[in-house]
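Undergrad: Residue numbers (the numbering used here): 1 to 340.
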(Lines of atoms letter the chains of each structure in order from A and count residues from 1; the text may use other names and numbers.)
(Lines give C-alpha, C1' and ligand atoms only; values in the text may rest on other atoms or scores of the structure.)
Protein backbone atom coordinates (compact mmCIF):
# COMPACT_ATOMS: atom_id res chain seq x y z
CA UNK A 1 0.00 0.00 0.00
CA UNK A 2 1.37 3.40 -1.07
CA UNK A 3 2.02 5.85 1.78
CA UNK A 4 0.54 9.38 1.47
CA UNK A 5 2.92 12.15 0.59
CA UNK A 6 4.21 14.18 3.55
CA UNK A 7 4.75 17.93 3.01
CA UNK A 8 8.36 18.79 3.01
CA UNK A 9 9.87 21.11 5.63
CA UNK A 10 10.58 23.66 2.88
CA UNK A 11 6.89 23.79 1.88
CA UNK A 12 5.87 24.55 5.50
CA UNK A 13 8.43 27.33 5.76
CA UNK A 14 7.17 28.86 2.53
CA UNK A 15 3.61 29.03 3.93
CA UNK A 16 4.74 30.71 7.14
CA UNK A 17 6.77 33.29 5.20
CA UNK A 18 3.76 34.17 3.09
CA UNK A 19 1.62 34.62 6.22
CA UNK A 20 4.24 36.90 7.80
CA UNK A 21 4.53 38.88 4.58
CA UNK A 22 0.78 39.39 4.50
CA UNK A 23 0.72 40.62 8.09
CA UNK A 24 3.64 42.98 7.52
CA UNK A 25 2.06 44.32 4.33
CA UNK A 26 -1.20 44.99 6.18
CA UNK A 27 0.68 46.81 8.96
CA UNK A 28 2.64 48.87 6.43
CA UNK A 29 -0.50 49.92 4.58
CA UNK A 30 -2.23 50.76 7.87
CA UNK A 31 0.65 52.96 9.04
CA UNK A 32 0.79 54.63 5.63
CA UNK A 33 -2.93 55.44 5.74
CA UNK A 34 -2.63 56.70 9.33
CA UNK A 35 0.25 58.88 8.22
CA UNK A 36 -1.86 60.31 5.43
CA UNK A 37 -4.72 61.10 7.85
CA UNK A 38 -2.40 62.72 10.40
CA UNK A 39 -0.45 64.62 7.75
CA UNK A 40 -3.56 66.03 6.11
CA UNK A 41 -4.94 67.09 9.49
CA UNK A 42 -1.66 68.82 10.43
CA UNK A 43 -1.53 70.63 7.09
CA UNK A 44 -5.16 71.68 7.48
CA UNK A 45 -4.44 73.00 10.98
CA UNK A 46 -1.69 75.18 9.50
CA UNK A 47 -4.08 76.52 6.87
CA UNK A 48 -6.74 77.23 9.50
CA UNK A 49 -4.24 79.14 11.67
CA UNK A 50 -3.07 81.21 8.71
CA UNK A 51 -6.65 82.10 7.83
CA UNK A 52 -7.47 83.03 11.43
CA UNK A 53 -4.34 85.23 11.57
CA UNK A 54 -5.28 86.97 8.32
CA UNK A 55 -8.89 87.51 9.41
CA UNK A 56 -7.96 89.01 12.79
CA UNK A 57 -5.30 91.29 11.31
CA UNK A 58 -7.50 92.33 8.41
CA UNK A 59 -10.53 93.06 10.59
CA UNK A 60 -8.84 95.28 13.16
CA UNK A 61 -6.73 96.89 10.44
CA UNK A 62 -9.82 97.93 8.50
CA UNK A 63 -11.57 99.08 11.67
CA UNK A 64 -8.54 101.16 12.65
CA UNK A 65 -8.63 102.74 9.19
CA UNK A 66 -12.16 103.96 9.79
CA UNK A 67 -14.40 101.07 8.67
CA UNK A 68 -17.21 100.91 11.25
CA UNK A 69 -17.93 97.19 10.73
CA UNK A 70 -15.15 95.43 8.77
CA UNK A 71 -17.00 92.11 8.40
CA UNK A 72 -17.62 92.59 4.67
CA UNK A 73 -13.99 93.42 3.94
CA UNK A 74 -12.81 90.52 6.08
CA UNK A 75 -15.19 88.13 4.29
CA UNK A 76 -13.55 89.08 1.00
CA UNK A 77 -10.09 88.59 2.49
CA UNK A 78 -10.99 85.19 3.92
CA UNK A 79 -12.43 84.12 0.57
CA UNK A 80 -9.05 84.70 -1.04
CA UNK A 81 -7.55 81.98 1.19
CA UNK A 82 -8.23 78.26 1.11
CA UNK A 83 -8.51 75.35 3.52
CA UNK A 84 -8.17 71.87 2.05
CA UNK A 85 -8.48 73.45 -1.42
CA UNK A 86 -11.79 75.12 -0.48
CA UNK A 87 -12.26 78.89 -0.44
CA UNK A 88 -12.81 80.23 3.06
CA UNK A 89 -15.94 81.96 4.32
CA UNK A 90 -17.30 83.38 7.57
CA UNK A 91 -20.10 81.28 9.05
CA UNK A 92 -20.89 79.56 12.34
CA UNK A 93 -21.34 76.31 10.42
CA UNK A 94 -18.35 76.62 8.12
CA UNK A 95 -16.19 73.61 7.35
CA UNK A 96 -13.49 75.77 5.80
CA UNK A 97 -13.17 79.30 7.13
CA UNK A 98 -13.89 81.53 10.11
CA UNK A 99 -16.62 80.46 12.50
CA UNK A 100 -16.66 83.68 14.53
CA UNK A 101 -15.13 87.13 14.12
CA UNK A 102 -15.34 89.02 17.40
CA UNK A 103 -14.42 92.66 18.11
CA UNK A 104 -13.11 93.47 21.57
CA UNK A 105 -10.76 95.32 23.88
CA UNK A 106 -7.27 93.93 24.38
CA UNK A 107 -5.49 94.91 27.59
CA UNK A 108 -1.75 95.01 26.83
CA UNK A 109 -0.85 95.02 30.53
CA UNK A 110 -2.79 91.87 31.47
CA UNK A 111 -2.72 90.37 27.96
CA UNK A 112 -6.47 89.71 28.15
CA UNK A 113 -9.25 90.06 25.57
CA UNK A 114 -12.80 91.21 26.36
CA UNK A 115 -15.45 90.80 23.69
CA UNK A 116 -17.38 93.91 22.67
CA UNK A 117 -19.16 95.37 19.62
CA UNK A 118 -17.83 97.23 16.59
CA UNK A 119 -19.84 100.26 17.71
CA UNK A 120 -17.79 100.46 20.93
CA UNK A 121 -15.33 103.37 20.48
CA UNK A 122 -12.76 101.61 22.71
CA UNK A 123 -12.48 98.53 20.47
CA UNK A 124 -8.81 97.93 19.63
CA UNK A 125 -8.73 94.22 18.78
CA UNK A 126 -10.38 91.44 16.80
CA UNK A 127 -10.46 87.71 17.50
CA UNK A 128 -11.03 85.11 14.76
CA UNK A 129 -11.89 81.46 15.34
CA UNK A 130 -10.98 79.36 12.30
CA UNK A 131 -12.23 75.89 11.51
CA UNK A 132 -11.39 73.23 8.95
CA UNK A 133 -12.90 69.78 8.34
CA UNK A 134 -11.20 66.99 6.37
CA UNK A 135 -12.40 63.56 5.25
CA UNK A 136 -10.59 60.67 6.90
CA UNK A 137 -9.26 57.57 5.17
CA UNK A 138 -8.45 54.98 7.85
CA UNK A 139 -10.66 56.47 10.57
CA UNK A 140 -13.61 56.31 8.15
CA UNK A 141 -13.40 52.51 8.31
CA UNK A 142 -14.38 52.66 12.00
CA UNK A 143 -17.11 55.23 11.48
CA UNK A 144 -15.17 58.47 11.97
CA UNK A 145 -15.75 60.02 8.59
CA UNK A 146 -14.44 63.52 9.29
CA UNK A 147 -12.01 65.33 11.58
CA UNK A 148 -12.21 69.03 12.46
CA UNK A 149 -9.47 71.33 13.71
CA UNK A 150 -9.97 74.82 15.14
CA UNK A 151 -7.43 77.58 15.63
CA UNK A 152 -7.77 81.07 17.12
CA UNK A 153 -5.98 84.36 16.55
CA UNK A 154 -6.26 87.80 18.19
CA UNK A 155 -4.84 90.96 16.64
CA UNK A 156 -4.70 94.36 18.32
CA UNK A 157 -3.89 97.90 17.32
CA UNK A 158 -2.08 100.28 19.65
CA UNK A 159 -0.37 103.62 19.88
CA UNK A 160 2.60 104.86 21.86
CA UNK A 161 3.98 102.15 24.12
CA UNK A 162 0.70 100.26 24.50
CA UNK A 163 2.48 96.95 24.85
CA UNK A 164 4.54 97.88 27.90
CA UNK A 165 2.82 101.02 29.11
CA UNK A 166 3.72 104.65 28.53
CA UNK A 167 5.48 106.74 31.15
CA UNK A 168 4.82 110.49 31.41
CA UNK A 169 8.55 111.26 31.36
CA UNK A 170 10.48 113.26 28.78
CA UNK A 171 14.28 112.97 28.72
CA UNK A 172 16.66 115.62 27.44
CA UNK A 173 18.87 114.50 24.60
CA UNK A 174 22.17 114.98 26.45
CA UNK A 175 20.97 112.67 29.24
CA UNK A 176 21.13 109.67 26.91
CA UNK A 177 23.87 110.78 24.53
CA UNK A 178 26.65 109.16 26.58
CA UNK A 179 25.05 105.75 26.23
CA UNK A 180 24.02 105.76 22.58
CA UNK A 181 27.41 104.61 21.31
CA UNK A 182 28.12 102.13 24.12
CA UNK A 183 28.48 98.43 23.41
CA UNK A 184 25.43 97.60 25.51
CA UNK A 185 23.02 100.43 26.25
CA UNK A 186 21.09 98.10 28.58
CA UNK A 187 23.99 97.82 31.01
CA UNK A 188 24.96 101.28 32.29
CA UNK A 189 25.87 102.66 35.72
CA UNK A 190 22.64 103.50 37.52
CA UNK A 191 21.60 107.02 36.50
CA UNK A 192 18.95 109.18 38.15
CA UNK A 193 16.30 111.10 36.26
CA UNK A 194 14.95 114.35 37.73
CA UNK A 195 18.34 115.41 39.01
CA UNK A 196 18.55 118.56 41.13
CA UNK A 197 19.72 121.23 40.52
CA UNK A 198 20.34 120.19 36.87
CA UNK A 199 17.20 118.85 35.23
CA UNK A 200 17.87 116.06 32.74
CA UNK A 201 14.20 115.02 32.49
CA UNK A 202 10.71 116.27 33.22
CA UNK A 203 7.14 115.04 33.56
CA UNK A 204 4.85 115.40 30.55
CA UNK A 205 1.21 114.95 29.60
CA UNK A 206 2.38 113.21 26.39
CA UNK A 207 0.12 115.69 24.59
CA UNK A 208 -0.41 119.45 24.37
CA UNK A 209 -2.69 119.30 27.42
CA UNK A 210 -1.20 121.10 30.42
CA UNK A 211 1.15 118.80 32.32
CA UNK A 212 0.04 118.21 35.88
CA UNK A 213 -0.45 115.39 38.37
CA UNK A 214 -3.75 114.16 36.91
CA UNK A 215 -2.71 114.24 33.24
CA UNK A 216 0.72 112.79 34.01
CA UNK A 217 -0.29 109.85 36.19
CA UNK A 218 -3.04 109.00 33.73
CA UNK A 219 -0.33 107.64 31.46
CA UNK A 220 1.02 105.15 34.00
CA UNK A 221 -0.48 101.62 33.64
CA UNK A 222 -3.28 101.23 36.17
CA UNK A 223 -1.80 97.91 37.30
CA UNK A 224 0.95 99.98 38.95
CA UNK A 225 -1.58 101.60 41.30
CA UNK A 226 -2.95 100.06 44.48
CA UNK A 227 -6.42 98.62 43.75
CA UNK A 228 -6.20 100.24 40.30
CA UNK A 229 -7.50 103.49 41.79
CA UNK A 230 -5.13 105.76 39.89
CA UNK A 231 -3.15 105.79 36.71
CA UNK A 232 -5.05 104.43 33.76
CA UNK A 233 -2.43 103.73 31.14
CA UNK A 234 -3.97 106.01 28.52
CA UNK A 235 -1.63 106.41 25.58
CA UNK A 236 -1.01 109.06 22.99
CA UNK A 237 0.08 108.35 19.43
CA UNK A 238 3.32 110.32 19.16
CA UNK A 239 5.72 110.90 16.31
CA UNK A 240 8.96 112.86 15.99
CA UNK A 241 8.14 116.54 15.79
CA UNK A 242 4.93 116.35 17.82
CA UNK A 243 4.55 118.98 20.59
CA UNK A 244 4.16 117.79 24.19
CA UNK A 245 3.56 119.83 27.34
CA UNK A 246 6.25 119.43 30.03
CA UNK A 247 6.45 120.19 33.75
CA UNK A 248 9.88 120.44 35.35
CA UNK A 249 8.64 120.08 38.95
CA UNK A 250 8.99 116.86 40.92
CA UNK A 251 5.60 115.25 41.38
CA UNK A 252 5.56 112.95 44.43
CA UNK A 253 2.25 111.35 43.43
CA UNK A 254 3.50 110.38 39.97
CA UNK A 255 6.75 109.04 41.41
CA UNK A 256 4.76 106.84 43.80
CA UNK A 257 2.64 105.50 40.94
CA UNK A 258 5.76 104.69 38.89
CA UNK A 259 7.28 103.01 41.95
CA UNK A 260 4.21 100.77 42.06
CA UNK A 261 5.14 99.36 38.65
CA UNK A 262 8.19 97.72 40.22
CA UNK A 263 6.12 95.90 42.85
CA UNK A 264 4.30 93.84 40.23
CA UNK A 265 5.21 90.21 39.70
CA UNK A 266 7.04 90.23 37.38
CA UNK A 267 7.99 93.92 37.76
CA UNK A 268 7.08 96.32 34.96
CA UNK A 269 10.33 98.21 34.48
CA UNK A 270 10.80 98.84 30.74
CA UNK A 271 9.16 101.81 29.06
CA UNK A 272 9.62 103.96 25.98
CA UNK A 273 9.63 107.71 26.58
CA UNK A 274 9.94 110.75 24.29
CA UNK A 275 13.25 112.61 24.04
CA UNK A 276 13.30 116.40 23.80
CA UNK A 277 16.07 118.89 22.95
CA UNK A 278 18.71 119.87 25.49
CA UNK A 279 17.43 122.49 27.91
CA UNK A 280 13.82 121.54 27.22
CA UNK A 281 13.17 120.73 30.87
CA UNK A 282 14.44 124.06 32.16
CA UNK A 283 10.92 125.36 32.47
CA UNK A 284 7.28 124.49 31.83
CA UNK A 285 5.88 124.83 28.35
CA UNK A 286 5.46 122.88 25.11
CA UNK A 287 8.45 121.09 23.58
CA UNK A 288 8.87 119.00 20.44
CA UNK A 289 9.69 115.28 20.40
CA UNK A 290 13.07 114.74 18.73
CA UNK A 291 13.34 110.96 19.20
CA UNK A 292 12.36 108.13 21.54
CA UNK A 293 14.32 106.12 24.11
CA UNK A 294 13.67 102.91 26.02
CA UNK A 295 14.51 103.13 29.71
CA UNK A 296 14.99 100.26 32.16
CA UNK A 297 14.16 101.28 35.73
CA UNK A 298 16.30 100.07 38.62
CA UNK A 299 14.33 101.68 41.46
CA UNK A 300 12.31 104.78 42.33
CA UNK A 301 13.05 107.05 45.30
CA UNK A 302 9.83 108.71 46.50
CA UNK A 303 10.87 110.08 49.90
CA UNK A 304 13.78 112.00 51.41
CA UNK A 305 15.67 115.01 50.16
CA UNK A 306 14.86 116.49 46.76
CA UNK A 307 18.42 115.73 45.69
CA UNK A 308 17.68 112.00 46.12
CA UNK A 309 14.15 111.69 44.76
CA UNK A 310 13.71 110.43 41.24
CA UNK A 311 13.61 107.48 38.88
CA UNK A 312 16.88 105.57 38.85
CA UNK A 313 17.53 103.77 35.57
CA UNK A 314 20.05 101.07 34.67
CA UNK A 315 19.59 101.10 30.93
CA UNK A 316 18.66 103.50 28.15
CA UNK A 317 18.53 102.70 24.44
CA UNK A 318 17.42 104.74 21.48
CA UNK A 319 14.18 103.52 19.89
CA UNK A 320 13.38 103.96 16.23
CA UNK A 321 10.11 105.57 15.19
CA UNK A 322 9.15 102.54 13.13
CA UNK A 323 9.82 98.85 13.64
CA UNK A 324 8.49 95.34 13.12
CA UNK A 325 6.95 94.85 16.57
CA UNK A 326 3.81 96.37 18.09
CA UNK A 327 3.54 98.90 20.85
CA UNK A 328 6.70 100.41 22.24
CA UNK A 329 9.05 99.31 19.49
CA UNK A 330 7.15 101.51 17.07
CA UNK A 331 7.40 104.34 19.60
CA UNK A 332 4.18 106.19 19.02
CA UNK A 333 3.05 105.07 15.59
CA UNK A 334 -0.13 103.01 15.51
CA UNK A 335 0.85 99.40 14.92
CA UNK A 336 -1.15 96.22 14.34
CA UNK A 337 0.09 92.79 15.38
CA UNK A 338 -1.02 89.37 16.53
CA UNK A 339 -1.10 89.31 20.32
CA UNK A 340 -2.62 85.89 21.01
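Glycine included, each C-beta is placed from N, C-alpha and C at the ideal position.
Please name the residue in 175, 248, 106, 298 whose C-alpha comes closest to that of residue 278.
TA: It is 175 whose Cα lies nearest to the Cα of residue 278.
Undergrad: How about residue 114 and residue 104: do their beta carbons lie closer than 8 Å?
TA: Yes, Cβ-Cβ distance for residue 114 and residue 104 is below 8 Å.
Undergrad: What residues in its chain sit with their C-beta under 6 Å from that of residue 95, if we drop five residues either side in the sequence?
TA: Excluding sequence neighbours, residue 95 sits near 133.
Undergrad: Just curious, the alpha helix (DSSP H) that residue 71 is in, first and last residue?
TA: That run of the alpha helix (DSSP H) goes 71 to 79.
Undergrad: Report yes if the C-beta distance between residue 38 and residue 83 is below 8 Å; otherwise report no.
TA: Contact flag unset, no.
Undergrad: Using the beta-carbon count (16 or more within 10 Å), is residue 160 buried or exposed?
TA: For residue 160, the pLDDT reaches just 44, beneath the cut-off of 50, and the residue's location in the model is therefore unreliable, leaving the point undetermined.
Undergrad: Please confirm whether residue 309 and residue 170 have their CB atoms less than 8 Å apart.
TA: Result no, Cβ atoms of residue 309 and residue 170 do not sit closer than 8 Å.
Undergrad: Return helix, strand or coil for residue 222, following the three-state DSSP convention.
TA: Three-state result, residue 222: helix.
Undergrad: Of the choices 168, 90, 123, whose alpha-carbon is the least far from that of residue 257?
TA: Checked all of 168, 90, 123; the closest Cα to residue 257 is 168.
Undergrad: Can you give me the Cβ contacts of residue 62 inside the same chain, cut-off strictly under 6 Å, excluding the 5 residues immediately before and after it?
TA: Here the set comprises 70, 73.
Undergrad: To the nearest angstrom, report how far apart residue 125 and residue 282 are at their CA atoms.
TA: Roughly 40 Å separates the two Cα atoms.
Undergrad: Specify the secondary structure class of residue 257 as computed by DSSP and reduced to three states.
TA: Residue state, collapsed to three classes: helix.
Undergrad: From the DSSP output, which residues share a beta bridge with residue 98?
TA: Bridge partners of residue 98: 90, 130.
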